[in-house]
Amino acid sequence: MKHSTWEKWFQWAIAAGIAGILGMIHIFIPDFYSTVLRLTLDGNIDGLTTYVSSFGYGAVAISVFMIVLTNMTGLPSIPFLTVNGVIFGLGPGILISWFGEVIGIEIGFVIMRTFLRNKAQKLIERNHLLGKLDTYSTVKNMMISRAVPYSPNVVFTALAAMSRISFRKHTMATLIGKVPAVVVEVWLGHDLLKWSKHGTRFLIWVGIVVTMYCCYHQYRKHKK
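Numbering (the UniProt record's numbering), first residue to last: 1 to 224.
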């Protein structure tokens, strides 16, 4: 009973914390959500870069927050990873993006496992992955899934939430697995936005991504 009560308090604390942060941002930056949504839906990467940069030193917190939020909700985080390499430089941009991805995925994992198990199951069923729960209960398989660039984070988070994998093991798989994925996504975005200078390197990165997808496809085929 005590354990159940503690879990409920923990769940409500997470929900209250998220609601509090969302509310504070709306109070202090009233047009923040509408501006980010408009720029993202328009595919205006240059505009998004300028807007995030306008917060000065606060741009780091804004970027991390948006990556966390998108990974929690299942919205695409790619626009923010794309601009981070340009705003902060490749090294810091990769580190900031990796931190945001890991935090967002882990919070999403906790929420799905505790609050939204039915939603997670429906998402898995919609992607015809219900029979893969045992496969994604291991650190190795979850880590490989997280390592694939541009993979749907929310789907693998739902799989993890419904599987037997522990929070500690899932965190380990995410910490390690997201490193190559984030490196490719940030670097690819950086070179795309600076095509005139890094066009050749961009094409090399595209080749690397295609190779990674082929390897992952063969791995899944072999596992079957």
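By construction, the Cβ of each residue, glycine as well, lies at the ideal position given by its N, Cα and C atoms.
Is the Cβ-Cβ distance between residue i and residue j less than 8 Å?
{"i": "M143", "j": "G177", "result": "yes"}
{"i": "Y216", "j": "V148", "result": "yes"}
{"i": "I107", "j": "N153", "result": "no"}
{"i": "H190", "j": "V102", "result": "no"}
{"i": "A59", "j": "V52", "result": "yes"}
{"i": "H170", "j": "F109", "result": "yes"}
What residue range does the alpha helix (DSSP H) around residue i cover?
{"i": "H128", "result": "Where H128 is concerned, there is no enclosing alpha helix (DSSP H), given that its DSSP letter is neither H nor E."}
{"i": "K140", "result": "V139 to A147"}
{"i": "R38", "result": "F32 to L41"}
{"i": "K178", "result": "F167 to L193"}
{"i": "P152", "result": "Looking at the DSSP string, P152 is not in any alpha helix (DSSP H), and its letter there is neither H nor E."}
{"i": "S163", "result": "S163 -> no alpha helix (DSSP H), and no H or E assigned at all."}
Contact criterion: CB-CB distance below 8 Å. Does residue i meet it with respect to chain C?
{"i": "V64", "result": "Of the protein chains in this structure there is only one, and it is not chain C."}
Considering only residues of the same chain and omitting the five flanking positions on each side of residue i, which have a CB-CB separation below 7 Å?
{"i": "H3", "result": "Confidence at H3 is low in this model, with a pLDDT of 49, below 50, so the placement of that residue is unreliable and no value is reported for it."}
{"i": "P79", "result": "T40, I45 and L48"}
Under 6 Å Cβ to Cβ from residue i, same chain only, skipping five residues before and after it: list those, please.
{"i": "G207", "result": "none"}
{"i": "A181", "result": "A147 and P149"}
Measuring only the C-alpha atoms, how far is residue i from residue j?
{"i": "A120", "j": "W98", "result": "24 Å"}
{"i": "Y136", "j": "F88", "result": "34 Å"}
{"i": "L81", "j": "W9", "result": "33 Å"}
{"i": "F55", "j": "I27", "result": "16 Å"}
{"i": "T35", "j": "L159", "result": "32 Å"}
{"i": "M112", "j": "L192", "result": "34 Å"}
{"i": "S63", "j": "R126", "result": "31 Å"}
{"i": "M1", "j": "T114", "result": "Unreliable placement is indicated for M1, whose pLDDT of 45 sits below 50; the coordinate value is still reported in the next sentence. Whole-angstrom Cα-Cα distance: 16 Å."}
{"i": "R38", "j": "M66", "result": "14 Å"}
{"i": "S145", "j": "S151", "result": "8 Å"}
{"i": "T117", "j": "S77", "result": "First, the amino acid is wrong: residue 117 is Arg here, not Thr. About 22 Å."}
Among the residues of its own chain, which have a CB less than 8 Å from the CB of residue i, if the five just before and after it don't count?
{"i": "L90", "result": "V186, W187 and H190"}
{"i": "I165", "result": "Y136, S137, T138, V139, M142 and A173"}
{"i": "L75", "result": "L69"}
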